[in-house]
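Number of protein chains: 2
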Amino acid sequence: MSEDKLTPRAENYSEWYNQLVQRAELADYAPVRGCMVVRPYGWALWENIQQALDGRFKATGHVNASFPLFIPMSFLEKEKEHVEGFSPELAVVTIGGGQTLEEPLVVRPTSETIIGHMYSKWIKSYRDLPVLINQWANVVRWEMRTRLFLRTLEFFWQEGHTAHATAQEAEEETRRILDLYTDFAVNEAAVPVVPGLKSKTEKFAGALHSYSIEAMMGDTKALQSGTSHNLGQNFAKAFEIQYLDQNNQLQHCWTTSWGVSTRFVGAIIMTHGDDQGLILPPRLAPIQIVIVPIFRSDEEFSLVMPVVEQVKAALAGFRVKVDDRSEVTPGFKYHDWEMRGVPLRLEIGPKDVQNGTVMAARRDIPGKAGKTLIQQDQIAAQVSELLKTIQASLLQRATEFRDSNIHEPKDYADLQNIVQNGWAYAWWCEDAACEAKVKEDTKATTRCIPLDQEGGSGRCIVCGQPAARKVYFARAY
Amino acid sequence: MSEDKLTPRAENYSEWYNQLVQRAELADYAPVRGCMVVRPYGWALWENIQQALDGRFKATGHVNASFPLFIPMSFLEKEKEHVEGFSPELAVVTIGGGQTLEEPLVVRPTSETIIGHMYSKWIKSYRDLPVLINQWANVVRWEMRTRLFLRTLEFFWQEGHTAHATAQEAEEETRRILDLYTDFAVNEAAVPVVPGLKSKTEKFAGALHSYSIEAMMGDTKALQSGTSHNLGQNFAKAFEIQYLDQNNQLQHCWTTSWGVSTRFVGAIIMTHGDDQGLILPPRLAPIQIVIVPIFRSDEEFSLVMPVVEQVKAALAGFRVKVDDRSEVTPGFKYHDWEMRGVPLRLEIGPKDVQNGTVMAARRDIPGKAGKTLIQQDQIAAQVSELLKTIQASLLQRATEFRDSNIHEPKDYADLQNIVQNGWAYAWWCEDAACEAKVKEDTKATTRCIPLDQEGGSGRCIVCGQPAARKVYFARAY
Ligand SMILES: [Zn+2]
Ligand SMILES: [Zn+2]
Numbered sequence: 001m002s003e004d005k006l007t008p009r010a011e012n013y014s015e016w017y018n019q020l021v022q023r024a025e026l027a028d029y030a031p032v033r034g035c036m037v038v039r040p041y042g043w044a045l046w047e048n049i050q051q052a053l054d055g056r057f058k059a060t061g062h063v064n065a066s067f068p069l070f071i072p073m074s075f076l077e078k079e080k081e082h083v084e085g086f087s088p089e090l091a092v093v094t095i096g097g098g099q100t101l102e103e104p105l106v107v108r109p110t111s112e113t114i115i116g117h118m119y120s121k122w123i124k125s126y127r128d129l130p131v132l133i134n135q136w137a138n139v140v141r142w143e144m145r146t147r148l149f150l151r152t153l154e155f156f157w158q159e160g161h162t163a164h165a166t167a168q169e170a171e172e173e174t175r176r177i178l179d180l181y182t183d184f185a186v187n188e189a190a191v192p193v194v195p196g197l198k199s200k201t202e203k204f205a206g207a208l209h210s211y212s213i214e215a216m217m218g219d220t221k222a223l224q225s226g227t228s229h230n231l232g233q234n235f236a237k238a239f240e241i242q243y244l245d246q247n248n249q250l251q252h253c254w255t256t257s258w259g260v261s262t263r264f265v266g267a268i269i270m271t272h273g274d275d276q277g278l279i280l281p282p283r284l285a286p287i288q289i290v291i292v293p294i295f296r297s298d299e300e301f302s303l304v305m306p307v308v309e310q311v312k313a314a315l316a317g318f319r320v321k322v323d324d325r326s327e328v329t330p331g332f333k334y335h336d337w338e339m340r341g342v343p344l345r346l347e348i349g350p351k352d353v354q355n356g357t358v359m360a361a362r363r364d365i366p367g368k369a370g371k372t373l374i375q376q377d378q379i380a381a382q383v384s385e386l387l388k389t390i391q392a393s394l395l396q397r398a399t400e401f402r403d404s405n406i407h408e409p410k411d412y413a414d415l416q417n418i419v420q421n422g423w424a425y426a427w428w429c430e431d432a433a434c435e436a437k438v439k440e441d442t443k444a445t446t447r448c449i450p451l452d453q454e455g456g457s458g459r460c461i462v463c464g465q466p467a468a469r470k471v472y473f474a475r476a477y
Numbered sequence: 001m002s003e004d005k006l007t008p009r010a011e012n013y014s015e016w017y018n019q020l021v022q023r024a025e026l027a028d029y030a031p032v033r034g035c036m037v038v039r040p041y042g043w044a045l046w047e048n049i050q051q052a053l054d055g056r057f058k059a060t061g062h063v064n065a066s067f068p069l070f071i072p073m074s075f076l077e078k079e080k081e082h083v084e085g086f087s088p089e090l091a092v093v094t095i096g097g098g099q100t101l102e103e104p105l106v107v108r109p110t111s112e113t114i115i116g117h118m119y120s121k122w123i124k125s126y127r128d129l130p131v132l133i134n135q136w137a138n139v140v141r142w143e144m145r146t147r148l149f150l151r152t153l154e155f156f157w158q159e160g161h162t163a164h165a166t167a168q169e170a171e172e173e174t175r176r177i178l179d180l181y182t183d184f185a186v187n188e189a190a191v192p193v194v195p196g197l198k199s200k201t202e203k204f205a206g207a208l209h210s211y212s213i214e215a216m217m218g219d220t221k222a223l224q225s226g227t228s229h230n231l232g233q234n235f236a237k238a239f240e241i242q243y244l245d246q247n248n249q250l251q252h253c254w255t256t257s258w259g260v261s262t263r264f265v266g267a268i269i270m271t272h273g274d275d276q277g278l279i280l281p282p283r284l285a286p287i288q289i290v291i292v293p294i295f296r297s298d299e300e301f302s303l304v305m306p307v308v309e310q311v312k313a314a315l316a317g318f319r320v321k322v323d324d325r326s327e328v329t330p331g332f333k334y335h336d337w338e339m340r341g342v343p344l345r346l347e348i349g350p351k352d353v354q355n356g357t358v359m360a361a362r363r364d365i366p367g368k369a370g371k372t373l374i375q376q377d378q379i380a381a382q383v384s385e386l387l388k389t390i391q392a393s394l395l396q397r398a399t400e401f402r403d404s405n406i407h408e409p410k411d412y413a414d415l416q417n418i419v420q421n422g423w424a425y426a427w428w429c430e431d432a433a434c435e436a437k438v439k440e441d442t443k444a445t446t447r448c449i450p451l452d453q454e455g456g457s458g459r460c461i462v463c464g465q466p467a468a469r470k471v472y473f474a475r476a477y
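Those protein sequences? They're chains A and B, same order as listed. Heads up, the first sequence is in full-length UniProt numbering, so the first residue is 1 and it goes up one at a time. Heads up, the second sequence is in full-length UniProt numbering, so the first residue is 1 and it goes up one at a time.
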């Protein structure tokens, strides 16, 4: 539990984040460097994220399966760009059952290779296509600088892997998933992401091209919150994923992969959190409503609790917690549930029993401005409305914050200035040299080329050469 | 898909099992020895198992969390019996990010040690107790002889880990979970398990004592299908899991752990399967009903399909699949869905369109005896009844099979005979020497001392010394 105040965001954003994750009991450091323990409250949030995504995957024809944790080292070497991208980050099992292994096993950093191997066994004919499989799994990447949820050695994610008969179908799938991720982020997490194309420098190792959804955190840094890769025929050729087409000709498949990870928990924290702690969007909150009974004596307790139970029963369609601890004060409880980001608090005291009322306090609007007196006999409808309002209000606030921190630079000096505290939206010639110069000068990288552009053309903000599209430059997590 | 017949169970049970798992597309061999790929159909079955268990865990106050995959080698060494039990089976990461690690990391074979470490950080006071956490995870044990689902290097499971203030509460939890597992096995999977106490030889490495649920497979061998361990204060002392009690005295906690794994899929296969393939209990079947339209021409197809769609819509509350493939015959489809164990098949042809009927065929009763003509306008109610009947009938059949293969031996020679093709239920002095002799002579081990015994006392079937309880001896997977 959490009695001390968090370090304010304005003072030290990074410290604020670390304290919040631990005090809200979302996660804790593991005894192994860079690994995390996701605590029950954090895991319940992840389970809600999983459910929201999984439902969308199934509704679009995907099925779940499970592929092995261990991958033979030789598999990674089959796709040149892939192994170059991942080999510095690998955890390697060299001993099994007391014996040194003949071929070391890599703990999967991602599963394109082993899934490619299986697809080459399973796929024979055009009738077997498309294959639309997802897995929920843990993966390991040996990162040097780690932060809970944002970058950990082991993390949790879903990775979709699909195989198609044509290039067009693979591209459609890649975009369908990008849309699905955008819909999830905006409508479930109230995180107003920008979907777009990654630059060649920033794409997935082994992909033809990658898309991502990019979110702006409370310190204006960008967080890549989900990726969808068109792998072309790169993995199909490396792993011989082939099918007989309707003319009985052997063809290579076209494949995709895409993922959202526990990193997204970090996106939620840094999009909505304030100096009092976490603020969770109602649709994903493990606890949507906390009821705090107000009493100063056993007599008042006996008076209040039956009404608390009635209200709880009336709210059976919601995720409700009654905090009936007797060893701490209501004020302590308010603070505690604010830290954990519960969207709505209901207070019920002796006066409310008399008047048939309940005091509702919104997490997203502190103090009196966020309070509403509700009639007990209208509780379910009113709470439902309030939660919808909070959900919409979080999205609106985050969108306004994002839009007010995106600027179009007039020149390169202006860009260097903008990315110190925001995103720069600028014409770019798509040359890696210009991207590298920006990174060198400002630490900002290209985040994505948004799909939804005004059109036209301009001059690259860096080199002045003709440019067909605009890109976001930003410092990123 | 599966055109050939399975090797009959009577001819080669083990071969039958291996063929079924692959032809029903439940799982496949991975490129790494002893690892498995759980295919979408098998994973959907596991997801239903997970849901049935997870709902029961949450209803009894448990919450989910996630602990790291990697455990420092030194942690395992803190509990002497535990490290002795698990060290021959460990997979060890010795290289991370290209560097040799100072302390090798074990890929978790089970998580008592790392969870014990975290509990010692989290638990301070009696107010923090009980801690009731479960995790759904993959674990790795370096087994030499592996079989899909039954024994694989990597497998999937849930592992519950709880901490309590008193010995009594820990024992109650251990037994509560044993009951929960029994209820799940019997009422969801139609697997009539025997709950009981494991012998000291067969208990979990580091436990005070272990309970298990034991199921009889179609070849009369036993399969341990779930375990619940009372860990006493062994891990609490090794990891200093302590709390201040109400008198402000520092006390060690009492802990438990318990698990059900993907092994349970093997239990379902071998409890219910027949020579035509898998038979799934309706409550867990990924597809409860397959609808096969019967048509010989495009005209008949156009006649039949609207009714198929109506019937499907009427069955919206069930998990239904319409097999409208045009490239294969209805006979091929019947065979295919029989292999996959779909409990109920509905056939709809031109005559059914005329007569307002649907032909229902039960998977558990082959041929005409399993067929019922249903009126289309009563389809949902009738199908619901049929699925309940199938569920009950599978349980009854398995229970009768089990009971008819359990015998009480008159003497040791009789026991030796019985365990060749069944379970022996006999008085046992609980001395490990007698248990070892039976194993040596017959390969049968003690499975469990059932909790529900008639009482009284007798003489050990092996040594003739006084015995207070009976035990099951059986060969086991
Ligand atoms: Zn340029
Ligand atoms: Zn004896």
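Here a beta-carbon is modelled for each residue, glycine too, at the ideal position from N, C-alpha and C.
On the criterion of 16 or more Cβ atoms from any shown chain inside 10 Å, does residue i qualify as buried, or is it exposed?
i                        : result
threonine 329 (chain A)  : exposed
lysine 80 (chain B)      : exposed
leucine 250 (chain B)    : exposed
threonine 201 (chain B)  : exposed
asparagine 421 (chain B) : exposed
threonine 100 (chain B)  : exposed
methionine 1 (chain B)   : Residue placement at methionine 1 (chain B) cannot be trusted, given a pLDDT of 46 that sits under 50; what the coordinates show is reported in the next sentence. So methionine 1 (chain B) ends up on the exposed side.
serine 111 (chain A)     : buried
Using the three-state DSSP reduction, which class does residue i fall into: helix, strand or coil?
i                        : result
glycine 223 (chain A)    : Looking at the sequence itself, residue 223 (chain A) is leucine, so the reference to glycine does not match. Reduced to three states, the DSSP call for leucine 223 (chain A) is strand.
asparagine 421 (chain A) : coil
isoleucine 390 (chain B) : helix
tyrosine 181 (chain B)   : helix
alanine 27 (chain A)     : strand
residue 512 (chain B)    : With chain B covering only 1 through 477, there is no way to say anything about residue 512 (chain B).
tyrosine 13 (chain A)    : helix
tyrosine 211 (chain A)   : strand
methionine 270 (chain B) : helix
Would you say residue i faces chain B, with C-beta separation under 8 Å as the test?
i                          : result
tryptophan 43 (chain A)    : yes
threonine 255 (chain A)    : no
arginine 23 (chain A)      : no
tryptophan 142 (chain A)   : yes
phenylalanine 67 (chain A) : yes
proline 88 (chain A)       : yes
threonine 399 (chain A)    : no
aspartate 28 (chain A)     : yes
For chain A, check one thing: does any of its Cβ atoms lie closer than 8 Å to the Cβ of residue i?
i                        : result
methionine 1 (chain B)   : Low confidence applies here, because methionine 1 (chain B) scores a pLDDT of 46, under 50, leaving its location unreliable and the question unanswered by this model.
proline 72 (chain B)     : yes
threonine 110 (chain B)  : no
arginine 39 (chain B)    : yes
methionine 359 (chain B) : no
glycine 266 (chain B)    : no
asparagine 138 (chain B) : yes
proline 366 (chain B)    : no
3 or more residues per run - each beta strand (DSSP E) lying fully within the segment 96-177 of chain B: 99-107, 131-140 and 154-164
What residues sit near ligand 1, counting only those whose C-beta is closer than 6 Å to one of its heavy atoms, in chain order? A:Cys429, A:Asp431, A:Cys434, A:Cys460, A:Val462, A:Cys463 and A:Gln465
Considering only residues of the segment 296-363 of chain B, which uninterrupted alpha helix (DSSP H) runs meet the minimum length of 4 residues and lie entirely inside it, listed in chain order? 298-314, 330-339 and 350-355
Which complete alpha helix (DSSP H) runs does the segment 34-75 of chain A hold, if anything under 4 residues is left out? 40-59
Could you tell me which uninterrupted alpha helix (DSSP H) segments, each at least 4 residues in length, are contained entirely in the segment 401-456 of chain B, listed from first to last along the chain? The segment 401-456 of chain B contains these whole alpha helix (DSSP H) runs: 412-418 and 432-442.
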